[in-house]
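Peer 1: Take this structure, written in structure tokens, and hold onto it; I'll ask about it next.
Number of protein chains: 2
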Amino acid sequence: SMRSPAWSCVVDSPSTPHGYGEGLYFSDGRRKVDYVLVFHQRRHNSLRSPASTSVSHDRLSVVSNGNFPPSAGSDLAPGDHEMRLIRQEFEANLQEAGLEIERDKEIKAHGPSFTRLHAPWPVLCREAEFLKIRVPTKTVESGFGSSMSTVWRKLNQPFQPKVPRQDQGRTKFLSHSFSREKLHLYNITSKETFFDNTTRGRIVYEILRRTVCVRTCQTIGISTLIAKGVYDAAFPLHDVSALSAAVLNLQGWARYSAFYKYQPIDLVRKYFGEKIGLYFAWLGVYTQLLIPASIVGIIVFGYGVATVDTNIPSLEMCDESLNFTMCPLCDGACDFWHLSTACGTARASHLFDNPATVFFAIFMSLWAVLFLEHWKRRQISLSFNWGLTGTEDDEVRAHTHTHKESLEHTSVRRDSDREGQMETKTTVCHGCRSTDKLTWKDRLPGYFINISSILFMFGLTFSAVFSVIIYRITISALMAMSPDPAIKSNVRVTVSATAVIINLVVILILDEIYGNVAVWLTELEIPKTDTNFEERLILKAFLLKFMNAYAPIFYVAFFKGRFAGRPGNYTYVFNNYRMEECAPGGCLIELCIQLSIIMLGKQLIQNNIFEIGIPKLKKLARAIKNKGSTEKEKEEGKPPQQWNLDYALAAFEGLTPEYMEMIIQFGFVSLFVASFPLAPLFALLNNVIEIRLDAKKFVTELRRPVAIRAKDIGIWYNILSGMGKFSVIINAFVISFTSDFIPRLVYQYMYSPNGTMHGFIDHTLSYFNVSNFKPGTAPHSSAHKDISFCRYKDYREPPWSTDAYQFSKQYWCVLAARLAFVILFQNLVMFLSLVVAWVIPDVPKNIVEQLKREKKLLVDVFLQEEKEKFQLIQSLFSKDNPLQAGSHLLQQAQGIAAPGRSSTLPSGQTQALVGDGGGVPRARCRAASFSQFTRKSPSSPMNENENSRHTAV
Amino acid sequence: SMRSPAWSCVVDSPSTPHGYGEGLYFSDGRRKVDYVLVFHQRRHNSLRSPASTSVSHDRLSVVSNGNFPPSAGSDLAPGDHEMRLIRQEFEANLQEAGLEIERDKEIKAHGPSFTRLHAPWPVLCREAEFLKIRVPTKTVESGFGSSMSTVWRKLNQPFQPKVPRQDQGRTKFLSHSFSREKLHLYNITSKETFFDNTTRGRIVYEILRRTVCVRTCQTIGISTLIAKGVYDAAFPLHDVSALSAAVLNLQGWARYSAFYKYQPIDLVRKYFGEKIGLYFAWLGVYTQLLIPASIVGIIVFGYGVATVDTNIPSLEMCDESLNFTMCPLCDGACDFWHLSTACGTARASHLFDNPATVFFAIFMSLWAVLFLEHWKRRQISLSFNWGLTGTEDDEVRAHTHTHKESLEHTSVRRDSDREGQMETKTTVCHGCRSTDKLTWKDRLPGYFINISSILFMFGLTFSAVFSVIIYRITISALMAMSPDPAIKSNVRVTVSATAVIINLVVILILDEIYGNVAVWLTELEIPKTDTNFEERLILKAFLLKFMNAYAPIFYVAFFKGRFAGRPGNYTYVFNNYRMEECAPGGCLIELCIQLSIIMLGKQLIQNNIFEIGIPKLKKLARAIKNKGSTEKEKEEGKPPQQWNLDYALAAFEGLTPEYMEMIIQFGFVSLFVASFPLAPLFALLNNVIEIRLDAKKFVTELRRPVAIRAKDIGIWYNILSGMGKFSVIINAFVISFTSDFIPRLVYQYMYSPNGTMHGFIDHTLSYFNVSNFKPGTAPHSSAHKDISFCRYKDYREPPWSTDAYQFSKQYWCVLAARLAFVILFQNLVMFLSLVVAWVIPDVPKNIVEQLKREKKLLVDVFLQEEKEKFQLIQSLFSKDNPLQAGSHLLQQAQGIAAPGRSSTLPSGQTQALVGDGGGVPRARCRAASFSQFTRKSPSSPMNENENSRHTAV
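In structure tokens:
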């Protein structure tokens, strides 16, 4: 009697049906529902579809001969009929691929119908081997995580999420790519649970993705069918009851009260897959690193608050005795004014414009680098812990198709074409559309529309910004002309506040528009793969949204007030309106206000309205729409099945919006941090909420997404790193051009008579001879009749100089200093960033060591196994006589006449021997793998030595 | 009767001994010499060593029990005796690992003794599997390289090296990592030649590297033994006769007459391994890309030549009628002088300082980026064509030890420690030195010495530069005081020329010193792995050599003339000597001279003396030393064996010096290209020679290096890319500060009365009132008695201004413009570089497509094979009756009762069936792998379908 080898060792009795979670199983209560396909019966149709009549869980190879029974539903409209045929062929092909199918028992007149898929063990094994899925082996690696000291762990304890012990214990099973040949190596306790639901879902999705539909429609994959409307949706099920421990924690993770705790990233990954796990890990790292940034930001702000009363420039500005008479702020209607009236702005300005800000800008630039480096390390640790190291990048294959589910218009051409280039099976049939490569001529119109549209969008953004500027100029001019003194005194505040709010609203509206435009534009390009599609989409959306969010801020930072001209020679727009100037305290305070309002407003409104409000509204709408069918079911007294519940949720639309929101926020934190040191704090507060919000959304409001394997966060890393680099330049310019830091330095070291800041305000103000006003621009009625000179903020020659009102030597000197600072700052920070990135190794040290240890362990396991096999065969030899004939044959086969070698033996015989010998199953197991081994390494001298030694003993 | 499966199919009769190349085989003429170990018999010793008496080629497991016969050589000195014991143990361990050993028949009194190693087929197989060496499969991929058009290929033909057709044909065998289980897949025509000599050498080296020597000395690996002096050398043999076609081409490649041809990179790689192949490929790409750079450089230079007669500033300088009287160039001895006398320098200066140079600087920065991107692509193509894609980075393991061979002092501690951390086998024995980790306390002194030494070296370099400056200042002052007018008129030329030559000599000397210092310093650091060692060494050597080569050039570019002061207020060093000024034509011309002389001199001298002369001298020395033994052999009438010949060659000392030379040259080409547009041309001329020189050296003057697998050029890429980035900044500063480009622009657009350059020279010269000379500094005797003002080149207020001799407004204006240009240039070029790097995909398109195709092909092969197996088993079933018992057992084992499945069958039985059936070997082959398959995929429904279809037919 013989047993089949290797894999027979791990066979268990089939696991008993679970008591709970009925909705997660086929009607037999044993087979898990791994995936659900949903379609809508759109017309009235009382006939049972031919395929569903004969469907039972044992029907496996009925339709495999490729001939379909003629459709009985001839009363259907052609479109619907065709769709049913497509579904029939597709599902038949799924069955041919090994999946098992269960359909709804009764066919509903309308409403959603569900096709449930189950992947049996052989299919799971086959696909797991194909996908090179890593599974735990029996080998346990101990001493894992022992590097953390006990004190630190105790201190850290309250922040850790409550995760069942075994998940974070010190033991770790070595993992290895699944292979059907090495089943005995894996830690298989039950075939039902060896592959968790997430993996099962991924495997079924992989089959769905590549299954073709040749006869009825020339397409590949479920996503195309969804795009064509053949199916409504396809999703794996949430398994709240099955993975109770994990999900309880997921829900704990999603609670706001857990805001101070670490996230249970490993569980998130187990439930949602690597891609979503990486998102939350990234968000966690970002939020965590915002804490030190916030603290330093608060300290810098505190420094500003503490020094505001000792700061000489702002004291001088507030000093009424100095009595600088300033030139009027508008033509005609405005009067001369005293600088001391702008004291408030000056003091506020000092809060953000002080030497600590320069330090903070450098700090934040390095912080950005540190963040990226830290993330790189974390990413590598995660991909190591999740067993993704060494796997080839299958991301190209296991890419997301989910965005297409959200598209209303079916972009079939793109889909089929993209797929067609990846797989070539469609060329089998005659009726297929040609899957030739698109030439550049085909692509040219797409690119053309793309570029022109993006330019148009840029133009739109700029004109929006410009409109707000015009609004500000005109309204302030009009209000200045108003006779009411109450209005007059509040001009600046009113205008600024309303303008910023208009900006914010415009940004929010354009943001939504641009998101959709980017999708449309990317579709026009017909990218080849889905990864390609995603990358292009992200890049476009990022460009548009970045411009949209930052254009008004850039205007305030670098352009406002620079084209205003000088008294007697102002710049005018629309003939009459003077270009706006900055506040007397400098443009920095305006930049700060603009930045804080847009940042806070964007976050609050997007979080509250777009992320909470709109999904709730959508859910409500869906609930009303499906009211009929659910009510009917309720009448029948059945509890709603899990697939009904999940179908009621919104479709998962990809991580792009989540990432995008965070990246734009990262811009607020890094780009203009020199002007607003509290930005990290606000970002931190937002993110603490954001994590829980996203978690809640993923757990309770979205259908379960397919687990997607991903090693990294992809193009987002590049965007982050690009932004980090850009922020260095921007901060350099903000410090040197927007703030008064450089002029102060130059004054102190070059012009100050005694090396202090006394006299700085006087130095920055130029003289203007009031007789030089152009006709009509001088104040109509002035309280200062007797003055002959007024002052304005600029470095220009005084009226009594030979080249009056030209830029003075100080101007060029300050300009040179500013530019030199930009060069110094940029290169210094870039150099420091390089050093930081170079000093911090990409791969954490413990991971390197662990990788080495694991490699060694695996080799040891391998060697140990070979040794055991030899000892076994040796003991067999000592019992029975060595089969000389067999070994002779073997040597002949080897073609080497090596006398004295008799340890190897043809496998068949050995197997027979072992089989006859009976013994414990463990022995059989070894023998089985031994037969494999003899085939592997014939006559290795090392083995021979071991062998001969054994004989000596 | 049964045959062992799978691997038995490929067995050939052992190949017959080759007729030629006797020196490459053991004395039996059949077994290849894969590696040679050399040791010197240092004392007179007429006794035969005990091990060598019994050595014959069949002695395989004699010493495997670990007990050595007591040494008979008691008359040996202890050191020598110990070494012999170590050799005995080591060689015994090599034999235990499967290597076969042949020693010299007679023991020579003194002179080198050779131990020749041969790796038999099983060892090769085992190690190839372990090292995951890629070997060609039988599957042929056609259509390779068809993307190139025929016209292009014909045009390209004369530049292609003459390589045998089959190597560059359109067919390519798919390659796959070697596995003993899949022997039938590989294209094995003969076991002797399946692994080429390079691979065999690598495999033996791998064994040599990891073989331990526990009892006699606690070490691992051959390199430690060489460092200890146990062995003299270890190397694989050159096989000039065996690989005749390839080597003929190698020699063709090494001929100067082939300078215009592409290199036969694939052959180079085949012979020398990937690492050296990559070096030559890199050198080739670099040289190739120097061609367009040279052409553009020549054009830019040509533009300078063409416009020199129409250039207004230089015309104005030469115009004697303008008659600018300049302030004297030295105190007292020198007289006032006319600017028109410096006409020659002005004209020469224009050759290099014209607007085209700015364009060229931008061009070269982008060229550097393009070069790196192009190399990245080439590297990926190469590693794809060489089958390195997808292999894990074994470079850490298969690293080079060769540098140690060149070290005289044995750094045993470092070696054993480094090895000890990589492998843990040494802990087996008791007497081993502890392989604990070094704590930071152990490392601190090393680091301290390191940093202080590097600082000391920097100081040395700087003081060398400073000494040359002092030399220049003093000599020119002394020569100026000389009464001889002939000397006086040649001051500048003489001083400059001698100073540059002194610089050059200093650089060459320090270069050699620094190379050795870097090695010494790196050893102090005790790095963990050899890759680590190499990287640190390279980094240190690069830093030191870079500083050394560029310090004088940096001085001339950015510091010379900036601290000279102004007339009446000069800066003095050593009380009496005025700091040197630039020539009247600007510093750029001096920079240009400095650069060209150092670059050309360094290349010529290093090429001629260090690379040709010194090796020849060394060879001569070795020849004289070994004269005795070779003469004796000649007396015996034997032709010298290949190992004798190879031992006479110099040891291979790594690629670091070769790369370093090229990287420093790359610096000349990229860093200061704005000042010397002809640099690429000179580099090109040098490299064309360099390639052939290096090739010649590797083929004929060095022992054959061990083939080392490498995917990329490692840290050199980072250094190149860092230099590319640095060059952007340097070029920006050279253009804006060293050249007169910006002042000219500022003059033209801000100060010129009519928008032309007329009056520029006058504008750049400030006035000095001769009455303001400090006492004793005015010219003692002057031909210009009547002048009251002299001119000097600077932007300062005239003597009649209120703040006389202060920097003027123009100065600040020009400074601001210069700084603005730096910012603009740097950011523009960096942005363009990013765009270029982003637009060019890292992986060439055809490689991506080919990878896809190959993956598909491999899957197809796999599927096809499974199908064939099933057809085979099907046909077997139709002959014999299906064995119901067997299939029943199988199903039981699977634990799944699936009626109607009878296609699978336990492997043992099938095998028996096939074995009985006899038939052609091909059939056996399939059956053997079939048995493997049944174990692989039990009851896959897909297979079942195929099966049932087959039955229907």
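Protein chains in written order, with the UniProt record's numbering: chain A, 1 to 953; chain B, 1 to 953.
Just so you know, even glycine gets a beta-carbon here, dropped at the ideal spot from N, CA and C.
In this text the structure is predicted, and so the values were computed from the model without any measurement.
Is there at least one Cβ from chain B nearer than 9 Å to A:I729's Cβ?
Peer 2: yes
Peer 1: On a CA-only basis, which of A:R622, A:Y231, A:Y792 is nearest A:I761? Give me that one, please.
Peer 2: A:Y792
Peer 1: Would you say B:G722 reaches chain A, if we count a Cβ-Cβ gap shorter than 9 Å as a contact?
Peer 2: yes
Peer 1: Strictly below 8 Å CB to CB, what residues from chain A border B:N450?
Peer 2: Chain order gives no chain A residues near B:N450, where near means a beta carbon separation below 8 Å; the closest approach is about 16 Å.
Peer 1: Can you confirm whether B:W337, when its beta carbon is compared against all beta carbons of chain A, has any partner nearer than 9 Å?
Peer 2: no
Peer 1: State the beta-bridge partners of B:W337 as determined by DSSP.
Peer 2: B:M326
Peer 1: Would you report the Cα separation of B:I847 and B:G273, rounded to the nearest angstrom?
Peer 2: Between the C-alpha atoms of B:I847 and B:G273 there is a straight-line separation of about 22 Å.
Peer 1: Since I believe B:V135 is in contact with B:L99 (beta carbons under 8 Å), could you give me their beta-carbon distance rounded to a whole number of angstroms?
Peer 2: Wrong, their Cβ atoms sit about 21 Å apart, outside the cutoff.
Peer 1: For B:K809, does the count of other Cβ atoms within 10 angstroms reach 16, so buried, or fall short, so exposed?
Peer 2: buried
Peer 1: Strictly under 9 Å for the Cβ-Cβ distance: is B:I207 near chain A by that measure?
Peer 2: no
Peer 1: Note down, in chain order, each residue of its chain lying with its Cβ closer than 6 Å to the Cβ of A:D232, except the 5 sequence neighbours on either side.
Peer 2: V38, F39, H40
Peer 1: How would you list, in chain order, the residues of chain B whose beta-carbon sits under 7 Å from the beta-carbon of A:V734?
Peer 2: Under the 7 Å cutoff, chain B gives no residues; its nearest Cβ is about 14 Å from A:V734.
Peer 1: Could you give the C-beta distance for B:V556 and B:E590, rounded to a whole number, given that I count them as a contact under 8 Å?
Peer 2: Yes, B:V556 and B:E590 are in contact; Cβ-Cβ is about 5 Å, under 8 Å.
Peer 1: CB-CB under 7 Å to B:D511, same chain, minus the five flanking residues each way: which ones, in chain order?
Peer 2: K545, N548
Peer 1: Can you have a look at B:R562 and say buried or exposed, based on whether 16 or more other CB atoms are within 10 angstroms of its CB?
Peer 2: exposed
Peer 1: Quick check: does the Cβ of A:M83 come within less than 8 Å of any heavy atom belonging to the ligand SAH?
Peer 2: In the structure shown, the ligand SAH is absent, as is every other ligand, since no ligand is present at all.
Peer 1: What does a CB cutoff of less than 8 Å around A:L537 pick up in its chain, not counting 5 residues either side in sequence?
Peer 2: The residues are H403, A518, V519, T522, T656.
Peer 1: Considering A:F542, what are the terminal residues of the alpha helix (DSSP H) in which it resides?
Peer 2: 530–554
Peer 1: Taking the alpha carbon of A:L832 as the reference point, which residue from A:Y205, A:A368, A:Q379, A:E96 has its own alpha carbon closest?
Peer 2: A:A368
Peer 1: For A:L322, I'd like the list of residues in its chain whose CB is within less than 8 Å of its CB, leaving aside the five on either flank, ordered along the chain.
Peer 2: Contacts found: E316, L339, S340, I761, D762.
Peer 1: Taking Cβ-Cβ distances below 7 Å as the criterion, which residues of the segment 797–823 of chain B are in contact with chain A?
Peer 2: Along the segment 797–823 of chain B, the positions whose C-beta sits under 7 Å from a C-beta of chain A are K809, W812, C813, L815, A816, L819, A820, V822, I823, read in chain order.
Peer 1: Are at least three pairs of beta-carbons, each pair with one atom in the segment 646–664 of chain B and one in the segment 705–723 of chain B, less than 8 Å apart?
Peer 2: yes
Peer 1: DSSP on B:P615, reduced to helix/strand/coil?
Peer 2: In the structure shown, B:P615 sits in a helix (DSSP, three-state: H, G or I).
Peer 1: Measuring straight from C-alpha to C-alpha, what distance separates A:V491 and B:V300?
Peer 2: 59 Å
Peer 1: Do we get a CB-CB distance below 9 Å when we pair A:L828 with the residues of chain B?
Peer 2: no
Peer 1: Expressed to the nearest angstrom, what Euclidean distance is found between the alpha-carbon atoms of B:P552 and A:C330?
Peer 2: 59 Å
Peer 1: Taking 9 Å as the CB-CB cut-off, is B:L693 touching chain A?
Peer 2: Under the Cβ criterion of 9 Å, B:L693 is not counted among the residues facing chain A.
Peer 1: Near A:W121, which residues of its chain fall below 6 Å by C-beta distance, leaving aside the five closest residues on each side in sequence?
Peer 2: K191
Peer 1: For B:Y805, which of helix, strand or coil comes out of DSSP?
Peer 2: B:Y805 carries a coil assignment under DSSP once its states are collapsed to helix, strand and coil.
Peer 1: Among B:I380, B:S383, B:P567, B:F90, which one has its Cα closest to the Cα of B:Y795?
Peer 2: The shortest C-alpha separation from B:Y795 is found at B:P567.
Peer 1: Output the distance between the C-alpha atoms of B:P705 and B:A499, rounded to the nearest integer angstrom.
Peer 2: 42 Å
Peer 1: In the DSSP assignment, the beta strand (DSSP E) including B:E102 goes from what residue to what residue?
Peer 2: 100–103
Peer 1: Roughly how many angstroms separate the alpha carbons of B:S875 and A:L858, rounded to a whole number?
Peer 2: 41 Å
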